Amino acid sequence: MNQDKLKEHLERRLQFERIIFTITSELARVGDDNQVEVVESSLGEIGTVVQSRRVFLLLFNKDPCFMEQVYEWTGKDVAPVKEIIRKIAGVDPSWMESRLKEAEIINLGDNTKDLEEEGKDSLNRLSIDTLHVFPIFVNLSIEGFLCFDEPAAIRNWEEENIAILRTISQIIGNSIDRILTEEKLKKSEKKYRNVLESIMEAYFEVDLKGNFTFFNYALCNLTGISKQDLLGSNYALITTGESAREIFKKFNEIYQKRRNRSRIEFQIKNIDGRMLQVEASVYIRRDADENIVGFRGFIQDITERKRSEELKEKFAQYLRREVKARTKELEEAMTQQKKYLDQIIKASQFKSEFMATMSHELRTPLNAIIGFSELLLEGCYGKLNEDQMSFLHDVHSSAEHLLEMINRILDISKIEAGRISLNVEPVIVNDLVKSVQATLKPLYKKKDLEFNIIGLDEEKVIYADPIRLKEILINLIGNAIKYTEEGSVNILYTDKGEQSEIS
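For what it's worth, the working numbering labels the leading residue of the sequence shown as 39, then goes sequentially.
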C-alpha cells in the first residue's frame, strides 16, 4: 500500500471512529421530542462519510414486512423516497427476511433477480444500482435494517470497513433497545402512578433532603394543600416541629441501617388547623444502580383509631376504679359479715352452754321426782289408796313428759350442730302408743276427751328409733289434744305391707 492510500485509509478510519463516537453520544440523548431530528442527523453523518445518496433506517414491528417507523437522510438534490422503499420491502420480503436473520449484508444491486417485477420496476425508477442493507438486531431479534443507496465509498471496501458499518448498525440497535426499554418503563411507571392515584391511602416520595418528588391526591386531601404547593416542598410543611424531628430521626435511622421498611407515627397539620394522627410505612427509594435516592411510603389516618383507643383506655381506667371501689366495699362487707359470723358463733356457743347448763339443772330435779314417784308407786313407803295412786301416776307421767321435752330441745341443738343420730331397733307399737297415752293422759283428761287406739288389737312390731318415734307421736298427738275442744282423739294404726302408718 503506497503512502497516499495508507493516508486515505487512516483518514477514513478516523472519520468512522468520530462517527461512532458522535452517533453513540447523539443516540444516547434521544427522546420523544427530538427523536426524528437526532436519528436523521446521525444518518447524515454516516451518509456523508460513505458518500451515499440516501441512508434509510427502517424499523419493524414484529414482522419485517410491517414498518413502524422510517427515517431517511438524502444528499443534496436527492428526492425522498420513503414510500417506494416501503413498497420494495413489502412486495415479497421473504428472501430479504431469511438473509437478514443470518445477519447477511444484502446488496440489492446484485440480487435483483430475486425480486418480483414490481420491486425491480421500483428500483429502476429510482435508478438504484446498488443498495447495501445492514440488519438491526435488538436482543437477537430483527427490529429493522439500515440501507445505503449507491455508497460510492463502499463499493470496493474491504471487510474491515464493512465491519465498521456493522458496528454502527449494532450501536443503532442498542439505542433502539434503550428507547424501547425506556418506553416500557414509562408505560410501567405511568400504570404504577395511575394505581397510586387511585388508592385511598396517601402515598409520597421524597428525596434525601425530605422534599416531595411525587405524591398522590390522597395526600393533598389529607393535608388540604394543593399539588402545586406541595410538590418540591419539604415534609416539615405538613407537620409540627416535634413530628418533623421524629421523621428526620427515623429517615436517618433507615438510611444508616439500610432498613428496607420502618413505621412512623406522627401528626399532620391540616390546612384548616386540624391535627391528624397518622401512621406511615416508610421504605427506601433506590435508583437503577441501587443507590439510595430518598424515601417513599404510605400514610394512613389513624385519628379515629387513636381516639377510640383513648376512649377505651379511659373506660378501662373507669372500670378499674369501679372494680377497686366495689372490691373495697366487698372487703368491708366481708369484714362486717365475719364480725356478724363471729357473733353468731359466740351466740351459738352461749346457747350450747346454756342448754347444757339448763339440761343439767332441770334434769336433776326431774329425775328426783321421777325416781321418788316410782318408789311411791312401788309401795316402798307404804301402801297408797286408789286416788293417791292415780295422782302419783299423773305426777310420774308429767315428769317424764317434761324430761322428754327437755331432751327434744337438746335434740334440736344437736340437729343444728349436725350431731343427731338414729338408733333403729325392733319396736312394739302397742307398748309405745300406750306409753304416749300415759304421758299425755293429764292433757286429754283435763279437756274431758276420749283417747281411742284403733288397729292395735294384735301386737305390731316395726323397726324404728323408739325415742325419736315417741317424740314424734307425743308432738303430733299433743297438738291434736291442744286443738280439740270436745269429743275424742283417735290413734289409727294401718299396716301397708313393708310400711306402716300411724295417724
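Using N, Cα and C, we set each Cβ at its ideal position, and we do this for glycine too.
Predicted model, so just to flag it, every value in this text is computed and none were measured.
Annotation for ALA274: no beta strand (DSSP E) segment contains it, and DSSP assigns it neither H nor E. A direct Cα-Cα distance of roughly 10 Å separates GLU55 from LEU48. If you check the CB distance, VAL116 and PHE186 do not come in under 8 Å.
In this chain, CYS258 is not harboured by any beta strand (DSSP E); it is covered by the alpha helix (DSSP H) spanning 255-261. By DSSP's assignment, ALA502 forms a beta bridge with GLU463.
In this structure, the CA atom of PHE253 is about 52 Å from the CA atom of ARG91. Under a 10 Å Cβ-count criterion, PHE429 is classified as exposed, with fewer than 16 other Cβ atoms of the shown protein chains found around its own Cβ. For VAL474, no pairing in a beta bridge is given by DSSP. It is roughly 10 Å from the alpha-carbon of GLU221 to the alpha-carbon of ASP215. Note on geometry: alpha-carbon atoms of GLN387 and ALA406 lie some 29 Å from one another.
With fewer than 16 other beta carbons inside 10 angstroms of its own, THR402 counts as exposed.
With contacts defined as CB atoms closer than 8 Å, ILE444 and LEU514 fail to qualify as a contacting pair. For LEU269, no alpha helix (DSSP H) run applies, since DSSP gives it neither H nor E. Distance between PHE175 and VAL331, taken at the CA atoms: about 34 Å. The continuous beta strand (DSSP E) containing LEU530 extends over residues 526-534. The three-state reading of DSSP puts THR522 in coil, since its state is none of H, G, I, E or B.
Boundaries of the beta strand (DSSP E) around GLU303: 299-307.
Distance from ILE492 to ILE529 at the Cβ level is roughly 7 Å; contact confirmed, criterion being Cβ atoms closer than 8 Å. Inter-segment contact for the stretch 410-418 and the stretch 366-383 is absent: fewer than three beta-carbon pairs are separated by less than 8 Å. For GLU524, the closest of ILE500, ARG50, TYR501, LYS484 by C-alpha to C-alpha distance is LYS484. By the neighbour-count criterion, in which a residue is buried when 16 or more other Cβ atoms sit within 10 angstroms of its Cβ, ALA201 is exposed.
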